[in-house]
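Under my numbering, the first residue of the sequence shown carries the number 17, and numbering increases by one thereafter. Heads up, the thing below is written out as structure tokens.
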Amino acid sequence: MKILLCAFILLSLASCKKDGVVSTMKDAMEGSWELRSRSTWGAPVSFPAGNGEIMKFSRNGSYEMKRNDTLVASGHFDISIKTDCYFRESNFAFTVLESSSGNYLYVEKRSDTLFFNTSNCVSDGSSSYYKRL
């Protein structure tokens, strides 16, 4: 009985830690971010500061995407932990909840920069990064 109780407690603690880490990532993403670079199947395209491509994330899991102050998308997102094919610094997966495709992007925050990347299982995937406003 003690073994079962210990196993249950360890499992509970492990799941709490994972939820806490995911919440920390949502907290880190909160705020407004401006697109600075996008790369899809070719050379990256740079965007200057003040370009108007803004993503805004809220701690409650809602987001807005604006282009020159015009709302182009909004909804809710989730952060989960997924293992990629090859090592990556961050295994946080960003999923738009209104999408039925099941697609997700890996998200990583470094200082004042937010990176979104497709899985590294795909050799010609896409990436983009945003700077905090």
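All C-beta atoms in this analysis are idealised placements derived from N, C-alpha and C, irrespective of residue type, glycine included. Quick caveat, the model's predicted, so the values are computed rather than measured.
By the 10 Å Cβ neighbour count, where 16 or more other Cβ atoms means buried, how is residue i classified, buried or exposed?
{"i": "R83", "result": "exposed"}
{"i": "T99", "result": "exposed"}
{"i": "S144", "result": "buried"}
{"i": "W57", "result": "exposed"}
{"i": "C32", "result": "Because the pLDDT at C32 is just 41, under 50, the model does not fix this residue reliably, and the point stays unresolved."}
{"i": "A89", "result": "exposed"}
{"i": "Y102", "result": "exposed"}
{"i": "N119", "result": "exposed"}
{"i": "N133", "result": "buried"}
How close, in whole Å, do the beta carbons of residue i and residue j come, if the pair is a contact with beta carbons under 8 angstroms?
{"i": "V123", "j": "F131", "result": "7 angstroms"}
{"i": "R148", "j": "G47", "result": "6 angstroms"}
Beta carbon of residue i, beta carbon of residue j: below 8 angstroms?
{"i": "K125", "j": "M71", "result": "no"}
{"i": "N67", "j": "E50", "result": "yes"}
{"i": "S53", "j": "P60", "result": "yes"}
{"i": "L121", "j": "D94", "result": "no"}
{"i": "A109", "j": "S117", "result": "no"}
Kindly identify the DSSP beta-bridge partner or partners of residue i.
{"i": "W57", "result": "DSSP output for W57 lists no bridge partner at all."}
{"i": "T111", "result": "D94"}
{"i": "S62", "result": "S53"}
{"i": "M71", "result": "W49 and M81"}
{"i": "E124", "result": "F131"}
{"i": "R148", "result": "W49"}
Closer than 8 angstroms, CB to CB, is residue i near chain B or not?
{"i": "L121", "result": "Looking at the structure shown, chain B is missing, and only one protein chain is on hand."}
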